[in-house]
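Below: one structure, written as structure tokens.
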Amino acid sequence: METPWFHYPEYAWRLKTATVVGAGIAGHQVARHLAQRGWRVTLIERHAHYPAEASGNAAAILSPKITAAPSLGEHFYTHCFEYAVQQLTDIPVLTPYWHPCGVLTLCYRERDQVRWRKLKERDFPADVLRCVNPAQASKIAQIPVHDPALYFPGAGWLEPDFICEGLGFHHLIHYKLSTEAIHLKYRNAHWEVWNQQQQIVALSEALIICSGHRLNFPAVQDLPAMPVAGQTTLATSGTWGDQLRTVIDHEGYITPKRIRTDQGSCHLMGASYEPGNSHARYDPTTDQQNIQKQQCLPELAAELTPLHLQGHAAIRMTTPDRFPYVGAVPKRQAYLQSYADLHHGRHWKYYPPAAYYPNLFIAAAFGSHGFTTAALCANMLACLINNEPFPLDKKLVQALHPARFWIRKLKQEGSC
Ligand SMILES: Cc1cc2nc3c(=O)[nH]c(=O)nc-3n(C[C@H](O)[C@H](O)[C@H](O)COP(=O)(O)OP(=O)(O)OC[C@H]3O[C@@H](n4cnc5c(N)ncnc54)[C@H](O)[C@@H]3O)c2cc1C
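Here it is in structure tokens:
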């Protein structure tokens, strides 16, 4: 067992019923992966529509994240990206809303150019990553590009509302909208979800918390996490905008002019990034800042006009190491008691296996890349719940484990 603090139990189910709290991309992916395994899933959402909060942007970029040298993060994001693209191709109702137009990441700062050179040396297959010069980048984008760039030909953007709708389109998934889960109670081997009016709104064997930045249930409120407010901006443009063929990513990003709005096709630009801010409030000056960020594409930037009041402001929840929380929900008090002397370096075999809340799981804190990572993370969670082999190696399962920060602190300081 070697790391009993990360050990997961085997589960036994009678009815295979689950409640998922939160109908963003994480909740939809978890619901879909469970329904595909024969689970009856109730998806609870506090808003009257979905996706409403972080997942409610008009478009989301899907791209791998490649670091200068191989890293656990690169391994995770690449694996997630490949899985997400496969899902978008395999489920016919999703495919029309996935636009693999390629993503060009501009390398305009000195440190980006160092990374560009290192990645060129790593010599990736051309269908994964090409390190291109400004002339090549301009040819790919079909607009003037003045910096070297990393080109991800298989990446692109998707339409979150249709993707969520398509994932939820399954006879074993049903929604309870305008329903806020206030209180979660485990009784008689079932999870009860209570609303504000003190009524039970869902009852199931398993419960999965996918509530985005609202990690205020007592079982998960001690998991370290930080809100980051952000806003996207829709904009019209002129002839350069009409020509843009790829997503261009730099300090911000801009999509091709293909986002459908009441006022015709637009670009989506994003996204502002305010760490520590947990108030999502639309602000027209942020639209100007999002346009300002496009200055490294001066010809296009000169044409952009924001569609005020049409941007979307929301909160992404992120963790100190940027990996999401995916797994069973650990019991903090039991961790503190069982592993208090981990910093003494005793052999692992003297420690009991980890303690968890019964049949309670989490898939949350997806930060800025939830559309890329939620699908594989949901598959991982569905494998855990169904006692199937994990689709991720042990290092990654531990990197996603909800108790990882407690364990790190207990090892260093004897407290957490
Ligand atoms: C401005 C911005 C731009 C972004 N751009 C990208 C991008 O281009 N590509 C990308 O991959 N990612 C992007 N992200 C990140 C991505 O949107 C998030 O990682 C992802 O949406 C998180 O999904 P989620 O389901 O965990 O959270 P959410 O989408 O926030 O969903 C959680 C849901 O739970 C509901 N809920 C919460 N508490 C309760 C309760 N008690 N009862 C009932 N319902 C509840 C909420 O109403 C919400 O609908 C962006 C994020 C922002 C904010």
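Our numbering puts the sequence shown at residues 102 to 517. Heads up, the beta-carbon is just placed ideally off N, CA and C, and yes, glycines get one too.
Residue i versus the options, residue with shortest Cα-Cα distance
i      : options                           : result
Asn378 : His314, Cys202, Gly428 and Pro261 : His314
Leu443 : Arg509, Asn460 and Tyr426         : Arg509
Phe263 : Leu189, Glu281 and Leu304         : Leu189
Pro165 : Leu259, Val194 and Gly174         : Gly174
His271 : Ala483, Arg141, Asn460 and His448 : Arg141
Glu103 : Ala282, His380 and Trp449         : Trp449
Asp388 : His380, Pro399, Phe467 and Thr406 : Thr406
Cys364 : Gln411, Pro421 and Pro454         : Going by the sequence as given, residue 364 is Gln instead of Cys. Taking only the C-alpha atoms, the option nearest Gln364 is Gln411.
Leu220 : Ala170, Leu205, Glu211 and His291 : Ala170
His275 : His409, His108, Thr143 and Phe472 : Thr143
Gly100 : Tyr151, Trp341, His291 and Leu335 : With the chain covering only 102 through 517, there is no way to say anything about residue 100.
Gly255 : Leu285, Trp199 and Thr386         : Trp199
Gly446 : His176, Phe182 and Leu511         : Leu511
Thr280 : Arg147, His108, Thr356 and Ala455 : Arg147
Ala185 : Thr473, Asp494 and Cys367         : Thr473
Thr196 : Gln214, Pro492, Trp114 and Leu259 : Leu259
Ala415 : Gly125, Asp191, Val121 and Val348 : Gly125
Tyr440 : Gly339, Glu514, Leu493 and Ile360 : Glu514
Gly471 : Val122, Phe182 and Ile167         : Phe182
Leu493 : Pro421, Tyr178 and Gln438         : Tyr178
Leu230 : Pro357, Thr168 and Lys495         : Thr168
Cys478 : Ser172, Val122, Gly123 and His180 : His180
Gly349 : Pro399, Ser172 and Trp292         : According to the sequence displayed, residue 349 carries Ile and not Gly. Cα-wise, what sits closest to Ile349 is Pro399.
Leu163 : Gln214, Thr356 and Ser338         : Thr356
Arg544 : Arg212, Leu497, Asn460 and Ser172 : Outside the modelled stretch of the chain, which goes from 102 to 517, sits residue 544, for which no answer is possible.
Pro421 : Ala500, Lys495 and His291         : Ala500
Whether residue i touches residue j by CB criterion (8 Å)
i      : j      : result
Ile241 : Leu401 : no
Ala155 : Arg417 : yes
Leu452 : Pro105 : Per the sequence shown, residue 452 should be read as Tyr rather than Leu. Contact flag set, yes.
Ile486 : Tyr426 : no
Ala475 : Ala127 : yes
Val194 : Gly267 : yes
Ala307 : Val294 : no
Pro502 : Asn158 : The sequence shown places His at residue 502, not Pro. Contact: no.
Leu369 : Leu408 : no
Asp384 : Gln300 : no
Gly468 : Thr419 : yes
Asn488 : Tyr112 : yes
Ala504 : Tyr458 : no
Same chain only: Cβ atoms within 8 Å of residue i, ignoring 5 sequence neighbours per side
i      : result
Cys397 : Leu207, Tyr209, His247, Asp248, His351 and Glu352
Leu482 : Val131, His134, Ile309, Val427, Gly428, Phe462 and Ala464
Ala238 : Leu205, Leu207, Val246, Asp248, Pro249, Ala250 and Tyr252
Ile392 : Thr334, Ala336, Met370, Ala402, Leu405 and Pro407
Val302 : Ile145, Lys277, Thr280, Ala282, Val294, Trp295 and Asn296
Cys484 : Pro490, Phe491 and Pro492
Thr340 : Glu404
Supposed contact pair residue j and residue i - C-beta distance, whole angstroms, cut 8 Å
i      : j      : result
Gly257 : Cys311 : Actually they are not in contact, since the Cβ atoms of Gly257 and Cys311 sit about 24 Å apart, beyond 8 Å.
Ala153 : Pro261 : Their Cβ separation, rounded to whole angstroms, is 10 Å, which puts Ala153 and Pro261 out of contact at 8 Å.
Leu251 : Ala149 : Leu251 to Ala149, Cβ: 41 Å. No contact.
Phe107 : Ala381 : About 34 Å separates the two Cβ atoms, so there is no contact after all.
Own chain residues within Cβ distance below 6 Å of residue i, not counting five before or after
i      : result
Asn317 : none
Lys394 : Glu352 and Gly353
His284 : Trp295
Ala136 : Val142, His271, Leu273 and Ile274
Ala236 : none
Phe506 : Pro325
Arg216 : Ala169
Gln344 : Gln243 and Ile244
Contact with chain C by residue i, beta-carbon distance below 8 Å
i      : result
Pro325 : Within the model displayed, chain C is absent; a lone protein chain is all it includes.
Residues near residue i in its chain [Cβ-Cβ closer than 7 Å; skip 5 each side]
i      : result
Leu116 : Glu306
Asn234 : Pro249
Trp114 : Glu306
Arg218 : none
Asp191 : none
heavy atom of ligand 2 below 7 Å from residue i C-beta
i      : result
Pro407 : You won't find ligand 2 in this model; what it holds is ligand 1.
Legend entry - At least 3 beta-carbon pairs within less than 8 Å: the segment 328 to 340 vs the segment 213 to 232: At 8 Å Cβ cutoff, the stretches do not touch.
Inset, instruction - Would you check if there are 3 or more beta carbon pairs closer than 8 Å linking the segment 128 to 140 to the segment 318 to 325? - result: Verdict: no, contact absent.
Inset, instruction - Pair every Cβ in the segment 429 to 442 with every Cβ in the segment 361 to 380, then say whether three or more of these pairs are closer than 8 Å. - result: No, the segment 429 to 442 is not in contact with the segment 361 to 380.
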